[in-house]
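To start, the structure under review is shown below, and the notes come after it.
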Amino acid sequence: MEDKSPPRPKRPRAIHTPSVHLRTLRDAGMLKPGNAYRLTWSDGTVVVARPRAAALMLDDTVIKYALVPRHYGPSQAFECPKCSRAAFKLFLAYAEWACYACHRIVTPSMDMEDRDRHRYRAQGMLERLQTRPAWQTKVTRRLLPEILARVKEMG
Numbered sequence: 182m183e184d185k186s187p188p189r190p191k192r193p194r195a196i197h198t199p200s201v202h203l204r205t206l207r208d209a210g211m212l213k214p215g216n217a218y219r220l221t222w223s224d225g226t227v228v229v230a231r232p233r234a235a236a237l238m239l240d241d242t243v244i245k246y247a248l249v250p251r252h253y254g255p256s257q258a259f260e261c262p263k264c265s266r267a268a269f270k271l272f273l274a275y276a277e278w279a280c281y282a283c284h285r286i287v288t289p290s291m292d293m294e295d296r297d298r299h300r301y302r303a304q305g306m307l308e309r310l311q312t313r314p315a316w317q318t319k320v321t322r323r324l325l326p327e328i329l330a331r332v333k334e335m336g
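Here the sequence shown stands for residues 182 to 336, where the numbers follow our numbering.
Here is the structure:
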């Protein structure tokens, strides 16, 4: 019997999906109540953000803040409008804001073969090692020659 159901839409890609990260907004001073900000992405998507005392309005969607317990004290996060889980980053896909899990976002590493994913990860570690101050990476710098050798082995 032939399946007549419509094809499922492709899962949104993290690099092509407009997103809002709480830390980015906070660092830019865009969470002060009473102001309105225009957020624009490279694909032309424009969203008006209006911070409130206990929530952030993105166009017509109200996104509440949540507190995430941490060992050094609670951190502020968004509450996903779809599943109510705490999320530091929300994505705009299918005309609604939701977290990574709700939209089933695909990251670049999910499309890679195992070998390429390991190379990608090793190169990221290498970049972080080379840009951080020595006191932050004292133990890891001993492993730098080994990491370099493994990256060269991978091709």
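By construction, the Cβ of each residue, glycine as well, lies at the ideal position given by its N, Cα and C atoms.
In the displayed model, residue 238 falls within a strand according to three-state DSSP. Non-local C-beta neighbours of residue 236 in its own chain, meaning closer than 7 Å and more than five positions away in sequence, comprise 243, 244, 245 and 246, ordered along the chain. Residue 216 and residue 330 have their alpha carbons spaced roughly 52 Å apart.
8 Å or more divides the Cβ of residue 287 from the Cβ of residue 199. Scanning 302, 259 and 313 for the CA closest to the CA of residue 328 turns up 302. About 5 Å separates the beta carbon of residue 234 from that of residue 214, a gap short enough to meet the 8 Å contact definition.
In the DSSP assignment, residue 232 falls within the beta strand (DSSP E) that extends over 227-232. In the three-state reduction of the DSSP assignment, residue 312 falls in the helix class, which pools H, G and I. Bridge pairing for residue 278: 273 [DSSP].
Annotation: the continuous beta strand (DSSP E) that includes residue 219 extends over 218-221.
Taking the Cα of residue 261 as reference, the smallest distance to any Cα among 253, 270 and 255 is reached at 270.
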